[in-house]
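Worksheet: the structure to be examined is printed underneath.
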Amino acid sequence: MIKKKLALSLLTFLLAYNGFSQESKPKDSVIQPEIKRSFLDSIKNTFVVDETSNCIDNQCIKELSSTQDIFDGLLSDIKNLDLNVPVDYEFSTDVFKERLRLMDEKSPFHIDYNPQLENLVKNFLKNRKRSYERLMGLSHYYFPMFEEAMARHNVPLEIKYLAIVESALNSKAVSRMGATGLWQFMFQTGKQYGLRIDSYVDERSDAYKASDAAARYMAGMYKIFGDWELVLASYNSGAGNVTKAIRRSGGFQNFWNIKSKLPKETQGYVPAFLATMYIFEYHKEHGIVPQKPVANHLEVDTIAVKKNISFKQLSDLLDIPVPDLEFLNPSYKMKVVPYITGRTNFITLPKNKIAVFASNEDKIYAYVDYEESKREKRLAPKQKKEAILPTAPVEEALVQTTKTTKSNARTKFHTVRPGDNLGAIASKYGVTVKEIKDWNNMRSTALQSGRKLKIQVKDTTSVQEEAIAQVDSGVNKVAKTKSPVVAETNLKKSTAIAEHTVSEGETLTTIAKKYRMYVADLKKINNLKESTVKVGDKLKLKATIDNVDKAEQIEEAVASNDTKENIHTVKKGENIFQIAKIYKVGVDDILNWNNLTTTNINVGDELKIEKVQEVVAETPKKKINKFEEQRLYIVQKGDSLFKISQKHNITVAELKKKNNIKDNELQPGMKLKI
1 MIKKKLALSL LTFLLAYNGF SQESKPKDSV IQPEIKRSFL DSIKNTFVVD ETSNCIDNQC
61 IKELSSTQDI FDGLLSDIKN LDLNVPVDYE FSTDVFKERL RLMDEKSPFH IDYNPQLENL
121 VKNFLKNRKR SYERLMGLSH YYFPMFEEAM ARHNVPLEIK YLAIVESALN SKAVSRMGAT
181 GLWQFMFQTG KQYGLRIDSY VDERSDAYKA SDAAARYMAG MYKIFGDWEL VLASYNSGAG
241 NVTKAIRRSG GFQNFWNIKS KLPKETQGYV PAFLATMYIF EYHKEHGIVP QKPVANHLEV
301 DTIAVKKNIS FKQLSDLLDI PVPDLEFLNP SYKMKVVPYI TGRTNFITLP KNKIAVFASN
361 EDKIYAYVDY EESKREKRLA PKQKKEAILP TAPVEEALVQ TTKTTKSNAR TKFHTVRPGD
421 NLGAIASKYG VTVKEIKDWN NMRSTALQSG RKLKIQVKDT TSVQEEAIAQ VDSGVNKVAK
481 TKSPVVAETN LKKSTAIAEH TVSEGETLTT IAKKYRMYVA DLKKINNLKE STVKVGDKLK
541 LKATIDNVDK AEQIEEAVAS NDTKENIHTV KKGENIFQIA KIYKVGVDDI LNWNNLTTTN
601 INVGDELKIE KVQEVVAETP KKKINKFEEQ RLYIVQKGDS LFKISQKHNI TVAELKKKNN
661 IKDNELQPGM KLKI
């Protein structure tokens, strides 16, 4: 009675306290935070998911995976165990013989008692009992697909035990020699039996396809040897080694009779297969309890994919861990299921996940497209103009380019990577270092990896481009003058000298890009020996016109036209074919005049030219137009024929033909015809 009263009093107190605490709190005192949902959340909220099935499948896969330690241990036993050494383990030999006889009755293998086989069985039972308990749990998942493949090619179903000896049922197992997968196919053997191996996929790890290839191999080898033990030996060491062992033994064709003539690993290979078969058949009698999953309910199926999809995306969408996807799909090396035109790739998933995938395909692929849209794309290449600076009439417009610019600015963010500096970033986006510092409230030029910098990207149509366009037209007019010598003089006079003051973070490369010039020209114009410049340095800018060098050569030829003989000193980058074109003579003529037997010439060689007057025979107008059409490119350090061909929209073959290049070697400073 007293206990009841105490209980009632305590209950009354708790109810009163609860009521008091509720009354003391205002209803709106706690503001619930607004939950922001991502695009992924909005898609997954529409999926119908069976949580119980998910839990069961995850538990099954977790208990089935991870057998690398068993694979290493079994491989070591097969290679290193001496089967002639007795093993201290309580075991009835008579019972063992009787069980082998019963196994032999129902198997196409010749299973006879052998002391070496008895020693190996004892060793496995003594040292590997736990391993076989786990392997028997795994076998419930793999053996049905193995048996289906063996039955399809009329191969004994007992060969399924060979996969335990080969890989310990580890689909990602790789041997020291590179053999891969459940059935340990070598690269060339896998290719020979139709297994696809490329950057994305290695079907040697695909349980279905590798099992089918192994069954086909066994069927083919049986046609050669007619004995299943010899077929197993050939699977391990190759048909050639088995054939040699038969010859060296004097023609015996029983495994135990040729065993000593086989490679050491193969000598323990077939006994390990027979010992595994025995342990699986009589595991109960030896107290081995298979480690089956708690809820043995894992059912899987496959579905074709219609877009590139990664394991990470599948994991996020379907709530299945990435390691589980790797276990079910071991053949995808890059953790990506690729989509390739004309070829269908499949993904293996638990059946309840297949249902979710199939009923929401459109939404899943929409999410894949959304993720792809976030990937950084290659920036569109900027249009490059010839390295020509404005003439005097437009020099003033160039100076005020930064002030008179039509722009449509948009904000972009750059993530700082190791090795980045403000100068390089400014050059990449076509802005100045000062602007980047202003936009991001920076006091120094120091950068921290991972920081996001705000960039105001400008789509600009500058006065400078208009000025350059005017210069282009001006050069064309100059090119139409009546004399080559006059043409060059007018070109030189019309070239304006402008100056650029070096700002913080700028380099010769960024300045050359800004004014569409070559770094080599900038250094030559300003007599610079080094490629470094300082803040505040003033650099002269001058037009880079490919025609000038040609015009100089024409002028030299015309200036010496009063004599019928001229000496030409070979310059760097020149060849005999270019010189012949300059003087409008044949290559054979130059060879005859100089008593040359080969077209090879060296820098500094002096060549006699006897028919210079033929240069003037052609009208000056036509001669200038010819050089106007001919563009030259000065080879820079690091250039290759391929890079130059891409830059100037020409093929490598055309470049080599135009410049008489027989190999791909280039030297900085060479002039190439484009």
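Numbered according to the working numbering, the sequence shown spans residues 1 to 674.
Every residue gets a Cβ at the ideal spot worked out from N, C-alpha and C, and that includes glycine.
Indicate whether residue i and residue j have their beta-carbon atoms separated by less than 9 Å.
i: T501; j: G423; result: no
i: K333; j: D301; result: no
i: A680; j: A233; result: This structure does not reach residue 680, given that the chain is present from 1 up to 674, and the question cannot be answered.
i: T415; j: Q456; result: no
i: I567; j: A580; result: no
i: N170; j: L157; result: no
i: D198; j: P330; result: no
i: F327; j: I61; result: yes
i: S427; j: T348; result: no
i: T597; j: F577; result: no
i: T445; j: G505; result: yes
i: V270; j: E229; result: yes
i: D112; j: L100; result: yes
i: S175; j: Q184; result: yes
i: E118; j: I288; result: no
i: F413; j: L453; result: yes
i: L641; j: L632; result: no
i: I609; j: E574; result: no
i: V533; j: L541; result: no
i: V570; j: E606; result: yes
i: Y193; j: R216; result: yes
i: K434; j: S503; result: yes
i: K284; j: G137; result: no
i: Y141; j: F280; result: no
i: T243; j: R204; result: no
i: D227; j: H153; result: no
i: N84; j: W256; result: no
i: K673; j: N659; result: yes
i: R248; j: K261; result: yes
i: A520; j: G342; result: no
i: K259; j: Q267; result: yes
i: S139; j: P290; result: yes
Give me the DSSP bridge partner(s) of residue i.
i: V336; result: S310
i: N566; result: I609
i: E499; result: K540
i: D202; result: I197
i: Q456; result: T411
i: K658; result: The partner list for K658 (beta bridge, DSSP) is empty, contrary to what the question assumes.
i: R130; result: Answer is none; R130 lacks a bridge partner.
i: I634; result: K671
i: V300; result: P350
i: R343; result: I340
Am I right that residue i and residue j are in contact with their C-beta atoms under 8 Å? What's the rounded C-beta distance?
i: Y515; j: I634; result: Actually they are not in contact, since the Cβ atoms of Y515 and I634 sit about 16 Å apart, beyond 8 Å.
i: L135; j: A168; result: 7 Å
i: K523; j: L317; result: At roughly 57 Å, the Cβ-Cβ gap does not stay under 8 Å, so K523 and L317 are not in contact.
i: F47; j: N360; result: 6 Å
i: S748; j: V305; result: Nothing can be reported for residue 748: it is not among the residues displayed for the chain, which extend from 1 to 674.
i: K353; j: I320; result: 6 Å
i: Q313; j: V368; result: 6 Å
Three Cβ pairs or more, each shorter than 8 Å: is that satisfied between the stretch 360 to 369 and the stretch 297 to 315? yes
Taking contact to mean at least 3 C-beta pairs separated by less than 8 Å, is the stretch 116 to 125 in contact with the stretch 272 to 286? yes
How do the stretch 210 to 224 and the stretch 147 to 156 stand: do at least 3 beta-carbon pairs fall below 8 Å, yes or no? yes
Can you list the alpha helix (DSSP H) stretches of 4 or more residues lying completely in the stretch 133 to 194, in chain order? 162 to 167, 187 to 192
What residue ranges within the stretch 199 to 273 form continuous beta strand (DSSP E) runs of no fewer than 3 residues, ordered along the chain? none
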